[in-house]
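Undergrad:
Numbering (our numbering), first residue to last: 72 to 359.
1. Measure the alpha-carbon distance for residue 125 versus residue 194 and round it to whole angstroms.
2. To the nearest angstrom, how far is it from the Cα of residue 395 to the Cα of residue 214?
3. Using only the alpha-carbon positions, how far apart do residue 336 and residue 181 sit?
4. Could you please give the first and the last residue of the uninterrupted alpha helix (DSSP H) stretch that includes residue 266?
5. In whole angstroms, what separates the C-alpha of residue 173 from that of residue 152?
6. With distances taken between CB atoms, is the gap from residue 163 to residue 150 smaller than 9 Å?
7. Would you call residue 210 buried or exposed, if buried means 16 or more other Cβ atoms sit within 10 Å of its Cβ?
8. Just to confirm the assignment, what range does the alpha helix (DSSP H) spanning residue 208 have?
9. For the region 346-355 and the region 291-301, state whether three or more C-beta atom pairs, one from each stretch, are separated by less than 8 Å.
10. Given a threshold of 16 other Cβ atoms within 10 Å of its Cβ, counted over all protein chains shown, does residue 144 qualify as buried or as exposed?
11. Considering only their Cβ atoms, is the gap separating residue 252 from residue 177 smaller than 9 Å?
12. Which residue wins for smallest C-alpha separation from residue 319, given the options 280, 304, 298, 330?
13. Rounded to the nearest angstrom, what separates residue 175 and residue 257 at their Cα positions?
14. Please report the straight-line C-alpha distance between residue 242 and residue 190, rounded to a whole angstrom.
15. Which runs of the alpha helix (DSSP H) fall wholly inside the region 132-175 and span at least 4 residues, in chain order?
16. Roughly how many whole angstroms lie between the Cα atoms of residue 331 and residue 267?
17. Leaving out the 5 sequence neighbours to the left and right, which residues in its chain are closer than 7 Å to residue 146 when beta-carbon positions are compared?
18. Quick check on the DSSP output: the alpha helix (DSSP H) that includes residue 321 runs from which residue to which?
19. Check the C-beta distance from residue 281 over to residue 254 and give it rounded, since I have them as a contact under 8 Å.
20. Short of 6 Å in beta carbon distance, which residues of its chain neighbour residue 261, apart from the five on each side in sequence? Order them along the chain.
21. Tell me which residue opens and which closes the alpha helix (DSSP H) that residue 297 is part of.
22. Among the residues of its own chain, which have a CB less than 7 Å from the CB of residue 157, if the five just before and after it don't count?
23. Where does residue 355 sit, in a helix, a strand or coil, going by DSSP?
24. Beta-carbon within less than 6 Å of residue 244's beta-carbon, same chain only, minus the 5 sequence neighbours each way: which residues are those?
25. Using only the alpha-carbon positions, how far apart do residue 128 and residue 135 sit?
26. Taking residue 223 and residue 316 to be in contact with their CB atoms under 8 Å, please state how far apart those CB atoms are, rounded to whole angstroms.
27. Kindly list the residues whose CB is nearer than 6 Å to the CB of residue 183, restricted to its own chain and excluding five residues on each side of it in sequence; keep chain order.
28. What would DSSP say about residue 273, mapped onto helix, strand or coil?
29. Hey, how far is the Cα of residue 325 from the Cα of residue 333?
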């Protein structure tokens, strides 16, 4: 749901895993409607992990979390070093691919880290979102890398735009990647235990409408963040076809998802949400 609900209890009956790059309207992305963990009368969290859950092959496996964090850190470091060396020592445009890999590695690490830092009971192995929406999500990113590789190896002398414009679009892409990542991470950190990677469809008595922080500027900040992060990566890669594809798929998903979510938000909060919606936009074209 729009990242505006700060519940004190898990209220969803229907749960669906999410993906940062949905490939169809029916897919689930962060149902950016935020909820806290329900508590018992003595104040203990009903979602607190059991000791067994930290064992291998369990939802909060420490070995699984450590392995994923290590591999993402290795990928980020290697890709960042490759990007730097390629820029300093060669004139090859293929630094774009290694940059993309570093940005993607950082994205998935931060998905888990922000959850672990501010929403610890939900810091499961799946919080990395590495296997969410398999295989469409991974195919989309592979196609982005492939288009960049083909364009800058087989069509070296072909120019879709003047070099000055290409440089501007690359810088714009870098800015979009940075801003998108920052906004998404801030949204998750600000929401804390009110943020979850699963769809929640029922309102608990403890739910309140949160409109502060980044949510006072954007109605769906995590959606905003990933939308522009995704488009920014394609601008940096210098892709044309994947840029159009990413834009269409993401826009179509968010338009549909926000429409459904806001029906529930109006149902939950009535005029309070209507007034909030009237003064705070999504900053995603023609969405909400």
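The beta carbon of each residue, even a glycine, is placed where N, CA and C say it ideally should be.
TA: On the basis of the coordinates in this document:
1. Position 54 of the chain shown, counting from 1, holds the residue named residue 125. Position 123 of the chain shown, counting from 1, holds the residue named residue 194. Their backbone Cα atoms lie some 11 Å apart in a straight line.
2. Limits of the chain in this structure are 72 at one end and 359 at the other, which puts residue 395 out of reach.
3. Translated into positions along the chain shown, residue 336 becomes position 265. Translated into positions along the chain shown, residue 181 becomes position 110. Taken atom to atom, the span from the alpha-carbon of residue 336 to that of residue 181 is near 27 Å.
4. One-based indexing of the chain shown puts residue 266 at position 195. First-last for residue 266: undefined, no H or E at that position.
5. Residue mapping note: residue 173 aligns to position 102 of the chain shown, counting from 1. Residue mapping note: residue 152 aligns to position 81 of the chain shown, counting from 1. Cα-Cα distance, rounded: 9 Å.
6. As a working note, residue 163 is residue 92 in the chain shown. As a working note, residue 150 is residue 79 in the chain shown. Contact: no.
7. Here the question's residue 210 lines up with position 139 in the chain shown. Its Cβ having fewer than 16 others within 10 Å, residue 210 is exposed.
8. Taking the first residue of the chain shown as 1, we reach residue 208 at position 137. Segment 207-225, the alpha helix (DSSP H) holding residue 208.
9. yes
10. What you label residue 144 is simply residue 73 of the chain shown in a count that begins at 1. Its Cβ having fewer than 16 others within 10 Å, residue 144 is exposed.
11. By 1-based counting over the chain shown, the position of residue 177 is 106. By 1-based counting over the chain shown, the position of residue 252 is 181. Result yes, Cβ atoms of residue 177 and residue 252 sit closer than 9 Å.
12. On the chain shown, position 248 is the one that residue 319 refers to. Among 280, 304, 298, 330, the Cα nearest to that of residue 319 is on 298.
13. Here residue 175 refers to the residue found at position 104 of the chain shown. Here residue 257 refers to the residue found at position 186 of the chain shown. Looking at the two C-alpha atoms, the distance is approximately 17 Å.
14. If you number the chain shown from 1, residue 242 lands on position 171. If you number the chain shown from 1, residue 190 lands on position 119. CA-CA distance, residue 242 to residue 190, rounds to 34 Å.
15. 133-160
16. For the purposes of this step, residue 331 is taken as residue 260 along the chain shown, with counting starting at 1. For the purposes of this step, residue 267 is taken as residue 196 along the chain shown, with counting starting at 1. About 18 Å.
17. As a first step, residue 146 is located in the chain shown; it is residue number 75 there, counting from the start. Result list for residue 146: 172, 176, in chain order.
18. Within the chain shown, residue 321 is the residue found at index 250, counting from 1. Start and end: 312-340.
19. One-based indexing of the chain shown puts residue 281 at position 210. One-based indexing of the chain shown puts residue 254 at position 183. Wrong, their Cβ atoms sit about 16 Å apart, outside the cutoff.
20. As a working note, residue 261 is residue 190 in the chain shown. When the five nearest sequence neighbours on each side are left out, the beta carbons in the same chain lying within less than 6 Å of the beta carbon of residue 261 are those of 284, 285, in order along the chain.
21. In the chain shown, the residue the question calls residue 297 occupies position 226. 292-308 is the span of the alpha helix (DSSP H), which, as asked, contains residue 297.
22. Start at 1 with the first residue of the chain shown, and residue 157 comes out as number 86. Excluding sequence neighbours, residue 157 sits near 163, 165, 166, 169.
23. As a working mapping, residue 355 is identified with position 284 in the chain shown. Of the three classes helix, strand and coil, the one that applies to residue 355 here is coil, per DSSP.
24. Taking the first residue of the chain shown as position 1, residue 244 is located at position 173. These residues qualify, in order along the chain: 303, 306, 307.
25. Taking the first residue of the chain shown as position 1, residue 128 is located at position 57. Taking the first residue of the chain shown as position 1, residue 135 is located at position 64. Roughly 7 Å between the two C-alpha positions.
26. Here residue 223 refers to the residue found at position 152 of the chain shown. Here residue 316 refers to the residue found at position 245 of the chain shown. Rounded, the Cβ-Cβ distance is 18 Å, inconsistent with contact.
27. Residue mapping note: residue 183 aligns to position 112 of the chain shown, counting from 1. Excluding positions up to five away in sequence, the list reads 198, 199.
28. By one-based count along the chain shown, residue 273 stands at place 202. Of the three classes helix, strand and coil, the one that applies to residue 273 here is coil, per DSSP.
29. Indexing the chain shown from 1 puts residue 325 at position 254. Indexing the chain shown from 1 puts residue 333 at position 262. For residue 325 and residue 333, the distance between alpha carbons rounds to 12 Å.
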